[in-house]
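K.L.:
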Amino acid sequence: MSSSHLSRRGLVSLGAMGWLGLDRLLAARASPAGAPKPRADHAIVLFLNGGPSHLDTWDMKPDAPAEIRGPFQGINTSVPGVRFGEHLPLLARQMHRLSIIRSMHHSVNNSH
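Every letter in the sequence shown is one number past the one before it in this note's numbering, and letter 80, counting from 1, is 1150.
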């Protein structure tokens, strides 16, 4: 393929090949040889835009002032020390099979 006759399709193909190569390079650097393969094959992300607050579901604040913690009570889960909102009793029973990320941060406004 001559550089003076590079079509848009050719340019996109070259760009895609570069991204595929970069992806493999970054993956090789991220996981050292002999590192155990993660067990999780899938992730479920719950993005509840307009839904219940994290303070009423996953991140109860029982010691916070009433105007912060909200009107709902926390319930124990199958993992000692982890509490969910009272509206999630079925998930609370399955907590030993879940992971919760409470340190997430983003810079997008009005989407939390």
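Where is the CB? At the ideal position from N, CA and C, for every residue including glycine. Predicted model only: the values in this text are computed from it and were never measured.
Identify whether Gly1030 lies in helix, strand or coil by the three-state DSSP scheme.
P.N.:
Given that the chain is displayed from residue 1071 to residue 1182, the structure contains no residue 1030 and the question cannot be resolved.
K.L.:
Taking 8 angstroms as the threshold (C-beta atoms), are Ser1148 and His1166 in contact?
P.N.:
Position 96 of the sequence shown, counting from 1, holds the residue named residue 1166. Position 78 of the sequence shown, counting from 1, holds the residue named residue 1148. Result yes, Cβ atoms of His1166 and Ser1148 sit closer than 8 angstroms.
K.L.:
Tell me the DSSP bridge mates of Ile1145?
P.N.:
Within the sequence shown, residue 1145 is the residue found at index 75, counting from 1. DSSP lists Phe1154 as partners of Ile1145.
K.L.:
Considering just the uninterrupted stretch of the alpha helix (DSSP H) at His1136, what are its terminal residues?
P.N.:
What you label residue 1136 is simply residue 66 of the sequence shown in a count that begins at 1. Contrary to the premise, residue 1136 reads as Ala rather than His in this sequence. Ala1136 -> alpha helix (DSSP H) spans Ala1136 to Arg1139.
K.L.:
Please state whether DSSP places Met1130 in a helix, a strand or coil.
P.N.:
Counted from its first residue, the sequence shown places residue 1130 at position 60. Of the three classes helix, strand and coil, the one that applies to Met1130 here is coil, per DSSP.
K.L.:
Pull up the distance between the alpha-carbon of Ser1173 and that of Lys1131, whole angstroms please.
P.N.:
Residue numbering aside, residue 1173 sits at position 103 when the sequence shown is read from its first letter. Residue numbering aside, residue 1131 sits at position 61 when the sequence shown is read from its first letter. Their Cα atoms are separated by approximately 15 angstroms.
K.L.:
Please determine, among Asn1146, Val1115 and Leu1125, the residue with the shortest C-alpha to C-alpha distance to Ala1136.
P.N.:
For the purposes of this step, residue 1136 is identified with residue 66 of the sequence shown, where counting begins at 1. Ranking Asn1146, Val1115 and Leu1125 by Cα distance to Ala1136 puts Leu1125 first.
K.L.:
In this structure, does DSSP put Ala1162 in helix, strand or coil?
P.N.:
Residue mapping note: residue 1162 aligns to position 92 of the sequence shown, counting from 1. Three-state DSSP puts Ala1162 in a helix.
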